[in-house]
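My numbering puts the sequence shown at residues 1 to 261. Glycine included, every Cβ here is placed at the ideal spot set by N, Cα and C.
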Amino acid sequence: MMRRIFLALEILCLLSFQNINAQDVYDIDPNPLSFYTEKYQRNVTLTAYGIGPDWSLELFQNNTLLVQLPNHKKVKAEIYAFQLDSIDHSTSYFGLVDNGYVQFTASKKTVEDPLTGTKYGYKAELHYHDTASSHYEYLQGFTTWIPNIKLEGTWLLTNINEEDYLNKYQYQLFQRLKFNFENNSISGFAGCSQLQGKFNANDQYLEIKNISLIQADKCQFSIYENMFLDLLSNKTFLYSIENGILKLSDQNNQLLFKSSY
């Protein structure tokens, strides 16, 4: 009977939240590159942690939720995602487990780790209910989204809107970007001058912001340098990486880069 109730709840939720965007998240919290690499290699989409009491959670790309409760009991559930509130950028995940359910919610709100003082961009809330024993837990903590680590490295601009930009200009310009996940920084070469900036990324979207020239040198390529900065500055791109090619797309442009030095 309880199983039927939960299945009915699932159907109602799916009908109520048809416009799902569980990956509408750009902020990456301050973890070392080794942390992101290890999680990405294990196909983890996000992690969550709580302190006092301690608990942890991993969400995998195959929509499996793995939770370790404060009593060290591990709970695994197959989940679906639905957006609860677009105003506060919260996304909730709901899954059935033996004799109960688990619901996890990530919302865009700054949370501080009381042990380290580190601030994280997303608040985590976990509800766990074992209906057989009437045991219920409500836990709070912070959430970290795992970006596409393949973005790490240097990329040379080759195409702009299907134009072969590399053969036309790039063997003179060598405009390139380098992404560093250690501090979410961008460096590179704009055509005449070195550039710097910041970025946020998840497994679908790349946000580039605060791009500036370290030293604006005048040269014959200044017009192309300014164009390069205009294409990138304060933009959010849908991105993909296939066969060593990075594709950035927004409403106006499509840029292609190849892996470089």
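Assignment of residue 34 by DSSP, reduced to helix, strand and coil, places it in the helix class.
DSSP places residue 122 within a strand segment (E or B) once states are collapsed to three. Closest by C-alpha distance to residue 41, out of 48, 192, 60, 56, is 60. When the alpha-carbon of residue 123 is set against those of 143, 116, 202, the nearest one is in 143. Secondary structure remark: continuous beta strand (DSSP E) runs of at least 3 residues inside the region 47 to 101, in chain order: 55 to 60, 64 to 68, 74 to 85, 90 to 97. Under the three-state reduction of DSSP, residue 39 is assigned to helix. In this structure residue 197 touches residue 211 by the C-beta definition: roughly 4 Å separates them, less than 8 Å.
Inside the region 186 to 238, DSSP marks whole beta strand (DSSP E) runs of 3 or more residues at positions 194 to 201, 205 to 213, from first to last along the chain. Per DSSP, the beta-bridge partners of residue 153 are 179. Of 251, 150, 260, 224, the smallest CA-CA separation from residue 202 is found for 150. In this structure, 231 is the residue among 259, 258, 154, 231 with its C-alpha nearest to the C-alpha of residue 251. Spatial neighbours of residue 137 in its own chain (CB-CB distance under 6 Å, excluding positions within 5 residues in sequence) are listed in chain order as 128. With a cut-off of 8 Å on Cβ pairs, the region 64 to 79 is in contact with the region 92 to 101, counting three or more such pairs.
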